[in-house]
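Residue numbers (our numbering), protein chains in the order written: chain A, 621 to 845; chain B, 44 to 266.
Below is one structure; the comments refer to it alone.
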């Protein structure tokens, strides 16, 4: 049994696939925006000195980090309606991706804050800066460059995890490929094209992030890291 | 239905499914470790072609999603006359994908071995293979085990995807019981808890123990 690649047909379905790619971008972008904010909340929750807050937060973060995104998606999608919350597939997907990657980003933020040398904090204390001034002017400008590579990697990570959303019916690229395949019984072209589209987008992004990382390291005076 | 009666009624099903997940995980880890060693060393080769092959492999697998690779192997390869059973397809996809990530870890580990060790081995007239095998490789374990532990947890999470290619693992059973009974909170909740226990209380402690062991072997740990 041998199936040959049909070029004219692949060009026929190409526009449909590209439109669906826009949905993938939308899912990744919105998911990332939510994750970035949720990550700040988780990070703050872990850094407070109140034990009542930081111990549960840490456990929740651990739990979300060590369970599969796929199961979490189904959990939110099927359990939320039982509590009277009927959410669309899109909303469920965005909540789950936001929570899941929020935990990862909180670790990135935490690492970045801890990456700022301790003497900087001590100097702020010695100069009698207020806490908000300290964060705004001294700590965050130094922590942000450290966080850039990690944040970029998770952006690519979210992008590569968006095909999972097809399982609960979010109409993105992989979902479209599946439905084209189910409709025409030809899976070779749609699936291969999905792979190629992902490769074409994620490789330059990853390359760009590596360049950015090198630039950041150089700007911080860490050459050759 | 109460959560405990749910566990009593459907526990056995979940247990056998968890065993399937564990099996997939073990096979994939073996394949991934093998691939990451081979490609990690190939990546460091001075030969342009060997290095190019490894780089292409790694970038390809890291650039596309695991789920797409798995579907491609399971649904598209049969069209070329190569039908694979679901278990083999799942293990291949997982092992090859995480092997690509592991290769980078492995490469970084080799590069992190101090230069003096390489020079010392050369000075003692070790052959290239022997230098790698006896001097360099034994020293990389304490370096690569912490990132490898992260990858192992990611791999365990990745095994949930094999449910989509009809393998009866934890996720599959959770979905099935959800469809039959509509006890969604219980079935998916139990699956989540089992994954959490496997990752947090079995896999991670085991890898921490390996880390301590490896550190002690090269004389770096607390004895």
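Positions of the beta carbon are idealized from the N, C-alpha and C atoms, including for glycine.
Note down the Cα distance separating residue i from residue j, rounded to an integer number of angstroms.
i             : j             : result
residue 782/A : residue 713/A : 9 Å
residue 835/A : residue 825/A : 15 Å
residue 91/B  : residue 50/B  : 57 Å
residue 116/B : residue 743/A : 57 Å
residue 829/A : residue 728/A : 15 Å
residue 685/A : residue 662/A : 12 Å
residue 246/B : residue 252/B : 10 Å
residue 255/B : residue 143/B : 26 Å
residue 698/A : residue 230/B : 10 Å
residue 773/A : residue 192/B : 18 Å
residue 723/A : residue 681/A : 5 Å
residue 794/A : residue 642/A : 12 Å
residue 844/A : residue 636/A : Unreliable positioning characterises residue 844/A in this predicted model, as indicated by a pLDDT of 49, which lies under 50. The coordinate reading is nonetheless provided below. Using only the alpha carbons, I get a separation of about 45 Å.
residue 155/B : residue 88/B  : 16 Å
residue 804/A : residue 654/A : 37 Å
residue 673/A : residue 716/A : 22 Å
residue 44/B  : residue 789/A : 28 Å
residue 179/B : residue 58/B  : 41 Å
residue 176/B : residue 83/B  : 14 Å
residue 649/A : residue 780/A : 12 Å
residue 205/B : residue 128/B : 12 Å
residue 704/A : residue 745/A : 50 Å
residue 55/B  : residue 220/B : 12 Å
residue 100/B : residue 201/B : 19 Å
residue 817/A : residue 150/B : 28 Å
residue 249/B : residue 66/B  : 17 Å
residue 37/B  : residue 119/B : Examination of residue 37/B is not possible in this model, given that chain B is present from 44 through 266 alone.
residue 266/B : residue 185/B : Here residue 266/B scores only 48 on pLDDT, less than 50, and its place in the model should not be relied on; the value that follows carries that caveat. Answer to the nearest angstrom: the Cα atoms are 15 Å apart.
residue 669/A : residue 735/A : 19 Å
residue 125/B : residue 114/B : 14 Å
For residue i, does the three-state DSSP call read helix, strand or coil?
i             : result
residue 749/A : coil
residue 254/B : helix
residue 834/A : helix
residue 705/A : coil
residue 87/B  : coil
residue 198/B : helix
residue 223/B : helix
residue 247/B : helix
residue 636/A : helix
residue 737/A : coil
residue 209/B : coil
residue 846/A : Absent from the structure is residue 846/A, since the part of chain A shown begins at 621 and ends at 845.
residue 238/B : helix
residue 805/A : coil
residue 625/A : coil
residue 45/B  : coil
residue 727/A : helix
residue 742/A : helix
residue 814/A : helix
residue 772/A : helix
residue 216/B : helix
residue 262/B : coil
residue 718/A : helix
residue 790/A : coil
residue 845/A : Bear in mind that a pLDDT of 42 at residue 845/A, under 50, signals an unreliable position, so the number given afterwards is only what the model happens to contain. Residue state, collapsed to three classes: coil.
At 9 Å on the CB atoms, spell out the chain A contacts of residue i, in chain order.
i             : result
residue 89/B  : The premise fails here: residue 89/B is roughly 21 Å from chain A at the closest Cβ pair, so nothing lies under 9 Å.
residue 161/B : The contacting residues do not exist; residue 161/B stays about 18 Å from chain A at best.
residue 232/B : 695, 699
residue 235/B : 683, 687, 688, 691, 692, 695
Using a Cβ cut-off of 8 Å, pull out every chain A residue sitting near residue i, in sequence order please.
i             : result
residue 98/B  : Chain A residues near residue 98/B: none, gap ~11 Å exceeds 8 Å.
residue 174/B : None at all; the shortest Cβ gap to chain A is about 24 Å.
residue 217/B : 691, 694
Which residues in chain B sit within 9 Å of residue i, going by Cβ to Cβ distance?
i             : result
residue 818/A : 106, 107, 108, 111
residue 826/A : 102, 105, 106
Anything in chain B within Cβ reach of residue i, meaning under 8 Å, just list it in chain order.
i             : result
residue 775/A : The premise fails here: residue 775/A is roughly 14 Å from chain B at the closest Cβ pair, so nothing lies under 8 Å.
residue 812/A : 115, 119
residue 783/A : 108, 110, 111
residue 803/A : Near residue 803/A there are no residues of chain B at all, since even the closest Cβ is about 15 Å away, more than 8 Å.
residue 623/A : 122, 123
Residue i versus chain B: which residues are under 7 Å apart at the beta carbon?
i             : result
residue 815/A : 107, 111, 115
residue 822/A : 106
In chain A, which residues lie less than 7 Å from residue i when you measure between Cβ atoms?
i             : result
residue 243/B : 682, 686
residue 227/B : 698, 699, 702
Can you pull the chain E residues whose beta carbon is under 9 Å from the beta carbon of residue i, in chain order?
i             : result
residue 794/A : In summary, chain E is missing from the structure at hand, where the protein chains are A and B.
Open item on the list: Extract the residue ranges of the alpha helix (DSSP H) inside the region 90-170 of chain B, only unbroken runs of 4 or more that lie entirely within it.
Closed with: 91-106, 109-114, 129-155, 158-166
Open item on the list: Give me the subset of the region 200-212 of chain B whose CB atoms are less than 9 Å from a CB atom of chain A, sorted by chain position.
Closed with: 200, 201, 202, 203, 204, 206, 207
- [ ] Give, in chain order, every residue of the region 673-692 of chain A whose Cβ lies closer than 9 Å to some Cβ of chain B.
- [x] 682, 683, 685, 686, 687, 688, 689, 690, 691, 692
Open item on the list: If we require 4 or more residues per run, which alpha helix (DSSP H) segments fall completely within the region 649-712 of chain A?
Closed with: The qualifying runs are 671-685, 689-699.
- [ ] Pull out every residue of the region 141-167 of chain B whose Cβ sits closer than 7 Å to any Cβ of chain A, in chain order.
- [x] none
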